[in-house]
Amino acid sequence: MSLKLYFAPGSMPSRACRLLAAYLKLDIEIKTVDLAVVPVLVDGNFVLCESRAILAYLVNKYSPNSSLYPNDPQKRALIDQRLYYDATVVFESCAQIIRTVLYKQVKKIPQEQREKVSETLFMLEKFLSPNDKWFANNKLSIADISILPTITTIKELGYDLSKHQRLNEWYERCKSLPGYEDNVDGAKYLANRMFAILDDKL
Ligand SMILES: N[C@@H](CCC(=O)N[C@@H](CS)C(=O)NCC(=O)O)C(=O)O
């Protein structure tokens, strides 16, 4: 196996790929880069970008019978639905704040961006029904691994996650995942870069 992951610690999708690699105990070289779009996976001659495609590929190839991304069409469809929601809504709600602060050097997070994060987390929590411990099929899946780095970043930016009880309980559960601490370190690194510019927290 010759696996490499081009990675940046602050990058939420990069951290998701690293979390999955730790969970699957993959022998993977983590190559930290500054000036490139990340994450990018290199597996021999095969090169793949887009974190959610990378997560699905790693399970399909290296742990094909795993419940992280099951073969059953309906179970898989529920996971895909969460992944698309993550890519288009959850990640984006946080990424907009990151871009506004880091690229435009804005000192105050715009109110509409704060509200978007709250609304998004309110909707996200609806995927966790009272008996569901995880985002799909009541089992840990690549949907949880994809969503975790963004929620960690939002929390490290100062957001009070206890406003969303089930989401908060899910977050507590995620703390036992292999690689969780590296994910938190990346979120803190990103948050500290933003706090150097920001006047207030999220
Ligand atoms: N949808 C992509 C998002 C990738 C992305 O936005 N990466 C950011 C870091 S989180 C990046 O590389 N930014 C550097 C740049 O655009 O130059 C994924 O999930 O992999």
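Per my numbering, residue 914 is the first one in the sequence shown, and the count goes up by one each step. All C-beta atoms, glycine included, are put in the ideal place defined by N, C-alpha and C.
The Cβ atoms of Ser1059 and Leu1111 do not sit closer than 8 Å to each other.
Val953 counts as buried, since no fewer than 16 other beta carbons sit within 10 angstroms of its beta carbon.
For Arg965, the CB falls within less than 7 Å of some heavy atom of ligand 1. Contact annotation: the region 1047-1056 touches the region 987-994, with at least three C-beta pairs closer than 8 Å. By the 16-neighbour rule on beta-carbons within 10 angstroms, Ala966 is exposed.
Restricted to the region 958-992, the beta strand (DSSP E) segments that are unbroken, complete and at least 3 residues in length are 959-962, listed in chain order. Contact between Leu1037 and Val1003 holds: their C-beta atoms lie close to 6 Å from each other, under 8 Å.
Inclusion of Ala935 and Ser927 in the CB contact set at 8 Å is not warranted, their separation being larger than that value.
Counted as a single uninterrupted DSSP element, the alpha helix (DSSP H) harbouring Tyr1093 occupies residues Tyr1093 to Phe1108. With a cutoff of 7 Å, Ser1006 does not count as near ligand 1, since its C-beta is closer than that to no heavy atom of the ligand. Remark: fewer than three beta-carbon pairs, one from each stretch, lie closer than 8 Å, so the region 1014-1034 and the region 943-957 are not flagged as touching.
Annotated three-state conformation of Tyr1072 is coil, per DSSP. With 16 or more other Cβ atoms from the protein chains shown falling within 10 Å of its own Cβ, Phe1040 counts as buried.
For Lys974, the CB contacts under 8 Å within the same chain, skipping 5 residues up- and downstream, are Asp956 in chain order. As a beta-bridge residue in DSSP terms, Val955 pairs with Lys917 and Val960. Per DSSP, the continuous beta strand (DSSP E) segment holding Lys944 begins and ends at Ile941 to Thr945. Closest by C-alpha distance to Asp940, out of Leu948, Lys1088, Val946 and Arg931, is Arg931. Apart from sequence neighbours up to five positions away, the residues of its chain that approach Leu1034 with a beta-carbon distance below 7 Å are His1077 and Leu1080, ordered along the chain.
Residue range Met925 to Tyr936 is occupied by the alpha helix (DSSP H) that includes Ala935.
Pro926 has its CB nearer than 7 Å to a heavy atom of ligand 1.
DSSP places Lys1017 within a helical segment (H, G or I) once states are collapsed to three.
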